[in-house]
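In our numbering, the protein residues as written are 390 to 583.
Idealized CB from N, CA, C, for every residue including glycine.
What follows is one structure encoded as structure tokens, with my remarks underneath.
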Amino acid sequence: MVLSKKRKTFQGFSFRIGKFFGKICENPNLWTGLSLFFALLGFFLVFELNFLFSGLAFLISGFLDMVDGAVARYTKKSSVKGAYIDTIMDRYVEFLAFFGLILVPLPVLFIPAYGWVVLCLFGSLMTTYSKAASKEKGIKSIEGGLLERPERIIILSVGIMLGEINRIFVVCVLILIALFTNITALQRIKKALK
């Protein structure tokens, strides 16, 4: 929500990012692939209980997700297929971040940690699907809400890094994301039905 409201502010920054990384490689799909690579790295690192570097890897993955779009716009290589690939990769990245946390021992807070992960995944899925379903059914184009994907990735990455200090921080962040993603989904459903 916060980042989408600041979209105009970020346009100049996005242009500079696209220009810088576009000079390194003009192919936006390469940056999309690198985003997935760092997500896989984050997954294996959290599985090894290296929370600090796992969170950092997911943070880099999220940054590279912004880079691919910025490069595509700067090099004028934006395409429907590229946007489709990017959207699909986003789902894989998010799944890897959450799935890794199911496989590691985390403290119980009200319910087992894997329960919070499932609620996070469901909230993320419904946030995305409520938008896609609205568009598919020709109701209206909806976006926004309390917690969109960029914020989810940033908050989750920071939460994973804090797990290096104490794993209870990871669970607290999962609870936060579980609540806010499902609220976001309900906000979008309400907006679509107005």
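Item to check | Local conformation of L498 per DSSP, three classes | outcome: Sequence index remark: in the sequence shown, residue 498 carries index 109 (1-based). If DSSP states are grouped into helix, strand and coil, L498 belongs with the strands.
Next on the checklist: On a Cα-Cα basis, can you pick out the residue from V560, C414, L429 and G407 that is closest to L485?
Outcome noted: The residue you call residue 485 lines up with position 96 of the sequence shown. Nearest of V560, C414, L429 and G407 to L485, Cα basis: L429.
Item to check | Simplified DSSP state of R556, which is helix, strand or coil | outcome: Position 167 of the sequence shown, counted from the first residue, corresponds to residue 556. For R556, the three-state secondary structure derived from DSSP is coil.
Item to check | Residue burial classification, G447 (beta-carbon count within 10 angstroms, cutoff 16) | outcome: On the sequence shown, residue 447 is found 58 positions in, with the first residue counted as 1. First, the amino acid is wrong: residue 447 is Phe here, not Gly. It is buried - the Cβ of F447 has at least 16 other Cβ atoms within 10 Å.
Checklist entry - R577 and S519: beta carbons closer than 8 Å? => result Along the sequence shown, one-based indexing puts residue 577 at 188. Along the sequence shown, one-based indexing puts residue 519 at 130. It is a contact, given that the beta carbons lie within the stated cut-off.
Checklist entry - So does G451 have its beta carbon nearer than 7 Å to some heavy atom of the ligand FMN? => result Inclusion of the ligand FMN in the displayed structure is not the case, the ligand content being empty and no account of it being possible.
Checklist entry - Could you check where the alpha helix (DSSP H) with K470 kicks off and where it finishes? => result What you label residue 470 is simply residue 81 of the sequence shown in a count that begins at 1. Run containing K470: V469 to I491, per the alpha helix (DSSP H) assignment.
Checklist entry - Where does T464 sit, in a helix, a strand or coil, going by DSSP? => result Translated into the one-based positions of the sequence shown, residue 464 becomes position 75. Coil.
Checklist entry - If you drop the 5 nearest sequence neighbours on each side, which residues of the same chain put their C-beta closer than 7 Å to that of V493? => result As a first step, residue 493 is located in the sequence shown; it is residue number 104 there, counting from the start. Hits under 7 Å: V435, F436 and L438.
Next on the checklist: Taking its Cβ as the centre, do 16 or more other Cβ atoms sit within 10 Å of I500, making it buried, or is it exposed?
Outcome noted: As a position in the sequence shown, residue 500 is number 111, starting the count at 1. Exposed.
Checklist entry - Helix, strand or coil: which one does DSSP assign to K524? => result The residue labelled residue 524 in the question sits at position 135 within the sequence shown. In this structure, K524 counts as helix in the three-state DSSP scheme.
Checklist entry - So, helix, strand or coil for E537, using DSSP? => result The count along the sequence shown starts at 1 and reaches residue 537 at position 148. In the displayed model, E537 falls within coil according to three-state DSSP, outside both helix and strand.
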